[in-house]
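Quick notes on the structure that follows.
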Amino acid sequence: MKRLIILPVLLFMTAMNLSAQVSLKANNIDEVLKAMTLEEKATLVVGSNRQAAPNQANGMLGGHSHQVPGAAGNTQAIPRLGIPSTVLTDGPAGVRISPTRQNDNNTYYCTGFPVGTALACTWNQELVEEVGRAIGNEVLEYGCDVLLAPGMNIHRSPLCGRNFEYYSEDPLLTGKIAAAYVRGVQSQGVGTSMKHFAGNSQETNRMGVNEVMTQRTLREIYLKGFEIAVREANPWTIMSSYNRLNGPFTQENKELLTTILRDEWGFKGIVMTDWTGLRNTAAQIMAGNDLMEPGAANQTQDVIAKVKSGELKESDLDICVRRILQYIVKTPSFKGYAFSNKPDLKGHAAITRTSATEGMVLLKNEQNTLPMTGTPTVSVFGVTSYNFIAGGTGSGDVNKAYTIDMMTGLKGAGLTVNEKLANVYKTYKDYQASLTAAGPARRGWFWGTPKLDELAINRNIINAQAQESDIAIITIGRQAGEGSDRQEANDFKLSDVEQQLIDDVCAAFHQANKRVVVVLNMGNVIETASWKSKPDAILLAWQPGQEGGYSVADVLTGKENPSGKLSMTWPINLSDLPSSANFPNARPAGAPVGGKTEFRDFTLHKEGLDVGYRYFTTQNKAVSYPFGFGLSYTTFVYSKAKVKSTKDGFEASITITNTGSTAGKEAVQLYVSAPDGGLIKPDRELKSFAKTRMLQLGESQTLTMRVTLYDLASYNETTQAWETAAGKYHVHFAANVDDVRYCTIFSLSKKQSVKAHDVMRPDMAL
Ligand code: BGC
């Protein structure tokens, strides 16, 4: 009896003594590490699955220093050592926390910014940095420490459900936009978590699928964007992905997380898992995956047991713990930042409104249909016009206070909207809402409410509209998100009702000598080749954030001149993409291999480097809209193209002049074709890009772009080195990948080679 009482007292006294000795500071990390018990170390490498309560397993560890409801995860506090909890929140289109709290009348809405794809289509790093600063400020002022963003997986197929969170089919554009985003967010004194590292290009069985690809494909396409952003922007954290990659789970792969990420690229931050449960904890620690999220007590216990059994060395655990401590001392939570819970939501709404317009891509504009002039009466078709889609679903969704729809946007711009038609849609929406309230259509808070099916509109109504209004707008919407991939029918392709709507509205309005504009409100690519000849103008608005309706109206009325360009190819058919032969939902699953089913257990990247424009330009195959394409309300002339050698590569410059009738910006793309003699390469690859400032009529700007020899290199699997062949490189100054305005030569007299490691070999035949 006595012993039972004395033991806790002794433990308590020991803890008190230790706490008197050391408390975490920016410069005593080794000392704190030395003072930590095994239990404390095992606690620090595991999140607490959103639980604020102290860890009951050992009784002495505290929970959150402050709790942010709805945030995705945390690191655990150890009060006796002065280690606070830190808070991790999603991302990427804004901060994702609960907008309301129990027994609290305040609201905690966050700004819904344009989705990742829309940001990439701005081709404007300064603008993305500005968006990042605004988001980072909301992270800080809502008491969080790390934003779980940016999403950087490659658009391998338009069917990937999460493409809206990601940037592009091209790794250079991905890396540069991500670096700008990270710089912006981190300028506020909070961290980012670049995700999902790596190869997470499909949602189908994302927790189990093995993505298999050659070492060269891996390094040049799927890792390159991460490499660029790590080297340029020093993210505080990186999130390993759910999937397996060439065999092991990424979170258990030392070759990926240590050899490549840290030894080759010099990454200094921490790696955390995606939101997995218990996997092999020892393998994770040894691989260099520092933090397990969202974390569960069984993971902590497992780490302790594995150290005790000798399966995991405590010195390996110490490496992760030290890195987590180095992360913690940088956080606002550690510094005791007095957050306000009152970020400047109004100011940020203005930033999202204008940044969204810069990512919009004008795909077609016959006879200057846009911008609309005067104050026309508009017939607004398409259920999405009345239920505008600000962003995608899942963890990438933001709990914003509102989304401005097209009707509100157009009316705000002073246009008259045909109310008779609006009422038809309102009745339909109200009816659907009554069904949803009764139960069937809800998918829960995480998966969001599905987009309403398109409404078939009677031809008589359409004909009457063509008499009453001056112009028609049809919004076509798409919604997708985490957890599932898209389908070809009724998603990549238009549904029958949508096709009929476009046909009927175009026929009726053209008959009345009036124009039709199609607005695409989506986060991903759809089929356009079969119907794009029908309307007079097509504006790809993407999922442009909470001010969407205003942003669209700003472009339609010419208040803003669109300067977005596509960050991915729009193919004619889905099957034109080589990935379609190797992607779930694009074709039926293949025969099982060794008892495993294709697409579910493994996905073979047989197309290798043939992703997006790399394939289409090399094969000279027609597309619906090429990579980098986008029209403007003005015209630009390119002149004075120059290339001059530098110490480690070349510098390319070009002068852009606005020769049209309104102010505008132009994104210039630099593609390079490699000489023969080295590895076989795609016909051309994007190696740099730059965007002008707003050029007034007749105004010029000279843009300068730098390319290093390392940027020009390809990965040679025989020598396990990045090689830049000697010879003549063709440098193309282009408005899009198929529209080269100038071509000059850069000559390299001596081959360059940078040694890497022979790691991440595929574990299946390709
Ligand atoms: C997603 C991550 C996200 C995490 C936390 C996961 O399911 O894949 O992107 O950051 O959840 O919400």
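Quick note: the sequence shown, position 542, residue 552 per our numbering, numbers continuous.
Idealized CB from N, CA, C, for every residue including glycine.
Problem set entry | In chain order, each beta strand (DSSP E) run of at least 3 residues that lies wholly inside the stretch 692-770 | 695-701, 710-718, 724-726, 731-734, 737-746, 749-758, 762-765
For this session: Compute every distance between the C-beta of residue 101 and the non-hydrogen atoms of ligand 1, then say whether any falls below 7 Å.
Result: For this step, residue 101 is matched to residue 91 along the sequence shown. Result yes, Cβ under 7 Å from ligand 1.
Exercise. Residue 405: beta carbon under 7 Å from a heavy atom of ligand 1?
Worked result: If you number the sequence shown from 1, residue 405 lands on position 395. True, at least one ligand heavy atom lies under 7 Å from that Cβ.
For this session: Determine the extent of the alpha helix (DSSP H) in which residue 514 is found, giving its start and end residues.
Result: In the sequence shown, residue 514 corresponds to position 504, counting from 1. Segment 506-521, the alpha helix (DSSP H) holding residue 514.
Problem set entry | Three or more C-beta pairs below 8 Å linking the stretch 601-612 and the stretch 177-186 | no
For this session: Would you please state the rounded distance, in angstroms, between the beta carbons of residue 34 and residue 339? I believe it to be under 8 Å.
Result: Sequence index remark: in the sequence shown, residue 34 carries index 24 (1-based). Sequence index remark: in the sequence shown, residue 339 carries index 329 (1-based). Correct: roughly 7 Å between the Cβ atoms.
Problem set entry | For residue 763 and residue 713, the rounded distance between their alpha carbons | To locate residue 713, count along the sequence shown from 1; it is residue 703. To locate residue 763, count along the sequence shown from 1; it is residue 753. Going by the C-alpha atoms only, they are around 29 Å apart.
For this session: Determine which residues share a DSSP beta bridge with residue 304 and list them.
Result: Here residue 304 corresponds to residue number 294 of the sequence shown, with the count starting at 1. In DSSP, residue 304 forms a bridge with 286.
For this session: Check residue 212 in the structure and name its three-state DSSP category.
Result: Position 202 of the sequence shown, counted from the start, is the residue given in the question as residue 212. Note: residue 212 maps to coil in three-state DSSP.
For this session: Measure the C-alpha to C-alpha separation of residue 579 and residue 650 and round it to an integer number of angstroms.
Result: Counting from 1 along the sequence shown, the entry for residue 579 is found at position 569. Counting from 1 along the sequence shown, the entry for residue 650 is found at position 640. Cα-Cα distance, rounded: 28 Å.
Exercise. Alpha carbon to alpha carbon, what distance is there between residue 477 and residue 204?
Worked result: Along the sequence shown, one-based indexing puts residue 204 at 194. Along the sequence shown, one-based indexing puts residue 477 at 467. Distance between the alpha carbons of residue 204 and residue 477 is about 52 Å.
Exercise. Skipping 5 residues on each side, what residues in its chain have a beta carbon closer than 8 Å to that of residue 775?
Worked result: Your numbering for residue 775 matches position 765 in the sequence shown. Cβ within range, chain order: n/a, list empty.
Problem set entry | Where the alpha helix (DSSP H) containing residue 150 begins and where it ends | Start at 1 with the first residue of the sequence shown, and residue 150 comes out as number 140. 135-151 is the span of the alpha helix (DSSP H), which, as asked, contains residue 150.
Problem set entry | Same chain, Cβ closer than 8 Å to residue 760, five either side skipped, listed in chain order | Taking the sequence shown and counting its residues from 1, one reaches residue 760 at position 750. These residues qualify, in order along the chain: 736.
Exercise. If you draw a straight line from the C-alpha of residue 452 to the C-alpha of residue 162, how long is it?
Worked result: Reading the sequence shown from its first residue, position 442 is the one you call residue 452. Reading the sequence shown from its first residue, position 152 is the one you call residue 162. Annotation note: pLDDT 48 at residue 452 (below 50); position unreliable, no value reported.
Problem set entry | Beta-carbon contacts of residue 353 that lie in its chain and below 6 Å, excluding the five residues immediately before and after | As a first step, residue 353 is located in the sequence shown; it is residue number 343 there, counting from the start. Correct list, in chain order: 147, 148, 151.
Exercise. Among all the DSSP beta bridges, which residues are the ones paired with residue 114?
Worked result: Numbered from 1 along the sequence shown, position 104 holds the residue referred to as residue 114. Note: residue 114 sits in a beta bridge opposite 111.
For this session: Just mark residue 441 as buried or exposed, buried being the case when its beta carbon has 16 or more other beta carbons within 10 Å.
Result: The residue given as residue 441 occupies position 431 in the sequence shown. So residue 441 ends up on the exposed side.
For this session: Return the residue from the list 387, 225, 753 that minimises the CA-CA distance to residue 424.
Result: One-based indexing of the sequence shown puts residue 424 at position 414. The shortest Cα separation from residue 424 among 387, 225, 753 belongs to 387.
For this session: Evaluate residue 288 with the Cβ neighbour count: other Cβ atoms within 10 Å of its Cβ, from every protein chain shown; 16 or more gives buried, anything less gives exposed.
Result: As a working mapping, residue 288 is identified with position 278 in the sequence shown. With fewer than 16 Cβ atoms within 10 Å of its Cβ, residue 288 is classed as exposed.
Problem set entry | DSSP beta-bridge partners of residue 679 | Numbered from 1 along the sequence shown, position 669 holds the residue referred to as residue 679. 699, 744.
Problem set entry | As assigned by DSSP and simplified to three states, the class of residue 772 | One-based indexing of the sequence shown puts residue 772 at position 762. Residue 772 falls in the coil class under three-state DSSP.
Exercise. Per DSSP, residue 264 forms a beta bridge with which residues?
Worked result: Working through the sequence shown from its first residue, we reach residue 264 at position 254. None, per the DSSP bridge assignment.
Problem set entry | residue 532 (DSSP reduced to helix, strand or coil) | Residue numbering aside, residue 532 sits at position 522 when the sequence shown is read from its first letter. Three-state result, residue 532: coil.
Problem set entry | Proximity below 8 Å, CB of residue 145 to CB of residue 83 | Taking the sequence shown and counting its residues from 1, the one referred to as residue 145 is at position 135. Taking the sequence shown and counting its residues from 1, the one referred to as residue 83 is at position 73. Against a cut-off of 8 Å, the Cβ pair of residue 83 and residue 145 comes out as no contact.
Exercise. Span of the alpha helix (DSSP H) holding residue 476?
Worked result: Taking the sequence shown and counting its residues from 1, one reaches residue 476 at position 466. It spans 469-478 - the alpha helix (DSSP H) in which residue 476 sits, taken as one unbroken run.
Exercise. Buried or exposed: which applies to residue 113, given that a residue is buried once 16 or more other Cβ atoms fall within 10 Å of its Cβ?
Worked result: Residue 113 sits at position 103 when you count from the first residue of the sequence shown. So residue 113 ends up on the exposed side.
Exercise. Can you list, in chain order, the stretches of the alpha helix (DSSP H) that have 4 or more residues and sit fully within the stretch 320-365?
Worked result: 324-338, 342-345
Problem set entry | Touch test, the stretch 533-551 against the stretch 565-582, Cβ-Cβ under 8 Å, three pairs minimum | yes
For this session: Below 8 Å on the Cβ atoms is my guess for residue 351 versus residue 116; work out the distance and round it to an integer in Å.
Result: In the sequence shown, residue 351 corresponds to position 341, counting from 1. In the sequence shown, residue 116 corresponds to position 106, counting from 1. Right, their Cβ atoms sit about 7 Å apart.
For this session: Name the residue from 413, 56, 575 whose alpha carbon lies nearest to the alpha carbon of residue 281.
Result: Residue mapping note: residue 281 aligns to position 271 of the sequence shown, counting from 1. Among 413, 56, 575, the Cα nearest to that of residue 281 is on 56.
Exercise. Among the residues of its own chain, which have a CB less than 8 Å from the CB of residue 269, if the five just before and after it don't count?
Worked result: Looking up residue 269 in the sequence shown gives position 259. Only 767, 769 meet the Cβ criterion.
Exercise. Looking only at C-alpha atoms, which of 674, 694, 190 sits nearest to residue 683?
Worked result: Indexing the sequence shown from 1 puts residue 683 at position 673. With distances taken between Cα atoms, residue 683 lies closest to 694.
For this session: Starting from residue 204, follow the beta strand (DSSP E) in both directions and report where the run begins and ends.
Result: One-based indexing of the sequence shown puts residue 204 at position 194. Note, residue 204: beta strand (DSSP E), 201-207.
Exercise. In terms of residue numbering, what span does the beta strand (DSSP E) encompassing residue 661 cover?
Worked result: Position 651 of the sequence shown, counted from the start, is the residue given in the question as residue 661. It spans 659-668 - the beta strand (DSSP E) in which residue 661 sits, taken as one unbroken run.
For this session: Compute the beta-carbon to beta-carbon distance between residue 142 and residue 190, rounded to the nearest angstrom, for a pair I have assumed lies under 8 Å.
Result: Residue numbering aside, residue 142 sits at position 132 when the sequence shown is read from its first letter. Residue numbering aside, residue 190 sits at position 180 when the sequence shown is read from its first letter. At roughly 7 Å, the Cβ-Cβ gap stays under 8 Å, so residue 142 and residue 190 are in contact.
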